[in-house]
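Take any residue in the first sequence, count from 1 to its spot, add 41: that is its number in my numbering. The C-beta atom is built at its ideal place from N, Cα and C for all residues, glycine as well. Accompanying notes for the structure given below.
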Amino acid sequence: MSATDSLVPVQEALATKLQAAVADLVEVPPTPPVDRSKAGFASDFQTPLALQLKKQLGGNPRQIASTIVDKLGGDDMIAGLDIGGPGFIGVTLSDAYLQTHLAGMLASDRLGVPVLDDSTVVIDFSAPNVAKRMHIGHIRSTIIGDALRRLGTFLGQTIIADNHIGDWGTQFGRVIWAWKNWRDEEAFAADPIGELERLYVTFVRKEKEDASYTDRAKAELVKLQSGDAENNALWQMMIDTSRVAFESIYERLDIHFDVTHGESFYNDMLQPLVDELLADGTAQISEGAAVIFFKDEHGDDTLPPFLIRKSDGAALYATSDLATVRYRETEWSPTRCIYVTDTRQQNHFRQVFEVARRMGVDTRLDHVWFGMMTLPEGAFSTRDGNAPPLHEFLDEAEKRARDQQVKRLESLGETWPEEELDQLARIIGLGGVKYSDLSNNPQTNITFSFDKMLSLEGNTAVYLQYTSARTHSLSKKAASEGIAPPDGTTLKLALPQERDLMLQMLDFGKATRAAWEQGKPNLLATYLYELASKYHTFYQSCPVKTEADATLQMSRLNLNLLARKVLAQGLDLLGIDAPERM
RNA sequence: GCUCCCGUAGCUCAGUUGGAUAGAGCGACCGCCUCCUAAGCGGUAGGUCGCAGGUUCGAUUCCUGCCGGGAGCACCA
42 MSATDSLVPV QEALATKLQA AVADLVEVPP TPPVDRSKAG FASDFQTPLA LQLKKQLGGN
102 PRQIASTIVD KLGGDDMIAG LDIGGPGFIG VTLSDAYLQT HLAGMLASDR LGVPVLDDST
162 VVIDFSAPNV AKRMHIGHIR STIIGDALRR LGTFLGQTII ADNHIGDWGT QFGRVIWAWK
222 NWRDEEAFAA DPIGELERLY VTFVRKEKED ASYTDRAKAE LVKLQSGDAE NNALWQMMID
282 TSRVAFESIY ERLDIHFDVT HGESFYNDML QPLVDELLAD GTAQISEGAA VIFFKDEHGD
342 DTLPPFLIRK SDGAALYATS DLATVRYRET EWSPTRCIYV TDTRQQNHFR QVFEVARRMG
402 VDTRLDHVWF GMMTLPEGAF STRDGNAPPL HEFLDEAEKR ARDQQVKRLE SLGETWPEEE
462 LDQLARIIGL GGVKYSDLSN NPQTNITFSF DKMLSLEGNT AVYLQYTSAR THSLSKKAAS
522 EGIAPPDGTT LKLALPQERD LMLQMLDFGK ATRAAWEQGK PNLLATYLYE LASKYHTFYQ
582 SCPVKTEADA TLQMSRLNLN LLARKVLAQG LDLLGIDAPE RM
């Protein structure tokens with residue numbers, strides 16, 4: 042794989058040609074927008090360039106379009122041009138051009154998608170809290186963050202996935218006290234993280250009834266923070282225990298991190314940072330605490346005050362985030378850093394980013410936020426212990442997928458090996474969980490329901506996986522009929538369904554780029570869904586086995602192969618596997 | 001009270017720097033398996049894109065105001 046096997050994206054190529062065509066007409070040619078033509082139009086792509094130039098040139102936009110069309114003639118990329126409506130230029134690509142791209146994509150390990158620069162991008166996601174089980178509330182950050190990691194890597198950037206786990210803070214006073222007084226060794230041996238969470242939840246319940254528990258927790262916390270050996274050993278044990286539990290979930294979901302620097306990693310940097318911000322006037326003492334204010338020229342607050350040191354001298358989450366930004370910049374020199382958290386932290390990150398700029402950090406800082414997940418009866422939280430644990434949720438997903446597959450095989454009268462059924466249940470169940478998250482714009486709230494999140498109907502992972510399985514099935518069947526395997530170069534477009542499929546596949550690079558750049562994996566998911574839909578239409582109307590025209594038959598085998606490759610690559614970027622048969 | 005986010009078909013949601021006729025899935029209805037996997041395909045019905053203004057040749061998209069829902073707002077993370 043190398044950058045040399047990349048293909049110039051269609052829209053880019055067309056935009057360049059259009060720009061050249063209008064170079065004589067205007068001083069500064071605009072970047073022409075080029076979009077796929079909607080169904081019902083004869084052309085493949087359309088541009089409103091002539092309409093946009095009307096302002097500068099005056100006159101009739103259809104006349105301008107006509108001038109542009111004249112200059113574009115005689116090009117081997119373009120087979121036809123037309124002018125429609127008020128002055129839209131429609132472009133139909135030549136079959137030769139499409140053939141070059143089919144062959145180029147098939148020959149390339151990365152489907153001809155050009156790489157971006159290899160600059161470093163840090164992605165901060167998942168970040169569960171120590172001493173608590175991961176539950177369904179952690180799934181969105183984890184899955185979206187991992188998809189972004191895969192997208193960025195595919196596009197050639199150097200990704201550092203950093204799991205900023207919550208391994209410091211007031212909750213440790215509670216769990217340590219509860220551990221010392223209430224622990225159940227047997228339960229801990231059987232389910233370590235479950236027992237730690239039980240201790241935490243029990244403590245919080247007690248604390249609600251009896252305020253004196255707050256002081257007990259505080260006393261343990263002070264001991265921990267002042268270096269008490271026993272408490273520090275307990276704290277370390279809790280981190281280790283938690284990380285083992287997290288790791289088992291990550292492995293199951295095929296999610297990976299490059300570093301896991303928890304909040305405690307930054308402890309030593311916090312007080313010097315606060316002192317520095319106070320010294321250079323960024324922060325000031327207010328009501329005994331160190332605070333940063335955000336004022337506009339009228340002295341009005343543009344953001345709420347940002348507290349970086351409590352009046353008792355303790356640093357905060359905010360302080361730690363600032364130290365983290367600086368650490369990443371000095372250590373890795375990233376060009377971009379992406380934080381994947383829920384919407385509630387929008388203000389927090391605006392504050393962090395603003396202060397970071399004042400600190401001279403010039404890394405591009407992006408907050409990719411997603412909506413809240415709630416239970417039908419309302420919000421959930423670890424404290425209340427009402428959130429379904431993630432591993433149980435995943436179990437249920439796999440079970441449903443397996444049940445459905447078993448039922449289907451029964452109706453088909455087929456028997457598959459148990460081992461394959463297990464693997465399929467895993468691929469479909471976990472794929473469904475990921476896809477239900479990734480296929481939606483992240484920024485909407487979700488009411489959690491097993492039925493909704495684990496549905497296997499409609500726009501779901503199964504549909505895409507089934508499409509992939511169909512491509513395998515088709516080529517296997519063709520081979521068994523003695524038909525020559527795809528040659529990777531032949532393209533003959535006889536029916537509109539073939540052209541639709543090919544044009545869709547041409548757009549793969551654009552979809553991955555948009556998803557990565559905007560931090561919205563759903564843009565890729567939607568693309569893949571459309572691709573799958575077009576493949577099924579192609580499959581329905583373009584037979585291979587019975588096709589008498591050998592060239593057309595070969596062309597269809599090539600389209601089939603490319604569809605599989607694009608689907609497989611796209612699904613992989615979403616962290617989803619595609620089975621060979623199902 | 002201030003700030004941010006959301007509001008698109010009965011339900012759940014897409015809609016890629018403003019582009020021609022706003023799209024899917026589920027649900028409803030009508031078709032397609034002697035044919036490469038029917039977890040599929042084709043078709044019908046369903047919309048003043050929350051409301052009112054503004055900018056533009058053109059607005060679901062940008063701006064302003066309002067209505068409805070959610071979230072955040074100094075010593076939690």
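Query: Could you pull the start and end residues of the beta strand (DSSP E) that residue 553 belongs to?; Result: Unbroken run through residue 553 is the alpha helix (DSSP H), 549-559; no beta strand (DSSP E).
Query: If I measure Cβ to Cβ from residue 622 and keep anything under 8 Å in the same chain, skipping five residues before and after, which residues do I get?; Result: 510, 513, 514
Query: What runs of the alpha helix (DSSP H), each 4 residues or longer, lie entirely inside the region 203-265?; Result: 212-223, 226-231, 233-250
Query: Going by other Cβ atoms of all chains shown within 10 Å of its Cβ, with 16 needed for buried, is residue 142 buried or exposed?; Result: buried
Query: By the 10 Å Cβ neighbour count, where 16 or more other Cβ atoms means buried, how is residue 392 classified, buried or exposed?; Result: buried
Query: Do the region 50-63 and the region 110-118 touch if we need at least three Cβ pairs shorter than 8 Å?; Result: yes
Query: Taking a contact to mean a Cβ-Cβ separation below 8 Å, would you say residue 565 touches residue 608 in this structure?; Result: no
Query: Can you pull the DSSP bridge partners for residue 378?; Result: 163, 406
Query: Which residue wins for smallest C-alpha separation from residue 157, given the options 165, 196, 568?; Result: 196
Query: Indicate the three-state DSSP secondary structure (helix, strand or coil) for residue 194 in the structure shown.; Result: helix
Query: Can you list, in chain order, the residues of its chain whose CB lies under 6 Å from that of residue 421, leaving out five sequence neighbours each side?; Result: 427, 428
Query: What's the gap between the Cα of residue 203 and the Cα of residue 285?; Result: 17 Å
Query: In terms of residue numbering, what span does the alpha helix (DSSP H) encompassing residue 350 cover?; Result: No alpha helix (DSSP H) holds residue 350; the beta strand (DSSP E) holding it covers 342-350.
Query: Alpha carbon to alpha carbon, how far is residue 170 from residue 206?; Result: 6 Å
Query: With burial defined as no fewer than 16 other Cβ atoms inside 10 Å of the residue's Cβ, what is the status of residue 540: buried or exposed?; Result: buried
Query: For residue 476, which option in 233, 406, 183, 447 has the closest C-alpha, if you only look at C-alpha atoms?; Result: 183
Query: Over the uninterrupted beta strand (DSSP E) stretch that includes residue 327, give me the two end residues.; Result: 325-327
Query: Identify, in the order they occur along the chain, each residue of the same chain with its Cβ nearer than 8 Å to the Cβ of residue 466, setting aside the five sequence neighbours on each side.; Result: 439, 440, 442, 443, 446
Query: Assuming residue 624 and residue 276 are in contact, meaning their beta carbons sit under 8 Å apart, how far apart are those beta carbons, in whole angstroms?; Result: Absent from the structure is residue 624, since the part of the chain shown begins at 42 and ends at 623.
Query: Using the Cα positions of residue 484 and residue 381, report the straight-line distance between them to the nearest angstrom.; Result: 12 Å
Query: Along the chain, where does the beta strand (DSSP E) containing residue 468 start, and where does it finish?; Result: Note, residue 468: premise wrong, no beta strand (DSSP E); alpha helix (DSSP H) at 459-479.
Query: Count the other C-beta atoms from every protein chain shown that fall within 10 angstroms of the C-beta of residue 612, then say buried if there are 16 or more, exposed otherwise.; Result: buried
Query: With 16 as the cutoff for other CB atoms within 10 Å, does residue 453 come out buried or exposed?; Result: exposed
Query: What residue from 519, 233, 471 has the CA that sits closest to residue 506's CA?; Result: 471
Query: Please classify residue 633: is it buried, with 16 or more other beta-carbons within 10 angstroms of its beta-carbon, or exposed?; Result: Coverage of the chain is limited to positions 42 through 623, which leaves residue 633 absent and any answer about it impossible.
Query: The alpha helix (DSSP H) that contains residue 421, what's its start and end?; Result: Looking at the DSSP string, residue 421 is not in any alpha helix (DSSP H), and its letter there is neither H nor E.
Query: Can you tell me where the beta strand (DSSP E) with residue 611 in it begins and where it stops?; Result: Per DSSP, residue 611 belongs to no beta strand (DSSP E); it is in the alpha helix (DSSP H), 591-614.
Query: So, residue 188 versus residue 523, is the Cβ gap smaller than 8 Å?; Result: no
Query: Please name the residue in 533, 130, 407 whose C-alpha comes closest to that of residue 559.; Result: 407
Query: Use the C-beta contact count for residue 208: other C-beta atoms within 10 angstroms, 16 or more gives buried, fewer gives exposed.; Result: buried
Query: Going by beta carbon distance, what residues of the same chain come within less than 6 Å of residue 503, once the five residues before and after it are set aside?; Result: 469, 497
Query: Can you tell me which of the three DSSP states residue 563 falls into?; Result: helix
Query: Sorted by chain position, which residues of the same chain lie with C-beta nearer than 7 Å to residue 137's C-beta, five sequence neighbours on each side aside?; Result: 117
Query: In the DSSP assignment, what residue or residues form a beta bridge with residue 170?; Result: 207
Query: The beta strand (DSSP E) that contains residue 447, what's its start and end?; Result: It is not in any beta strand (DSSP E) - residue 447 instead sits in the alpha helix (DSSP H) that spans 431-453.
Query: From the DSSP output, in three-state form, read off residue 573 for me.; Result: helix
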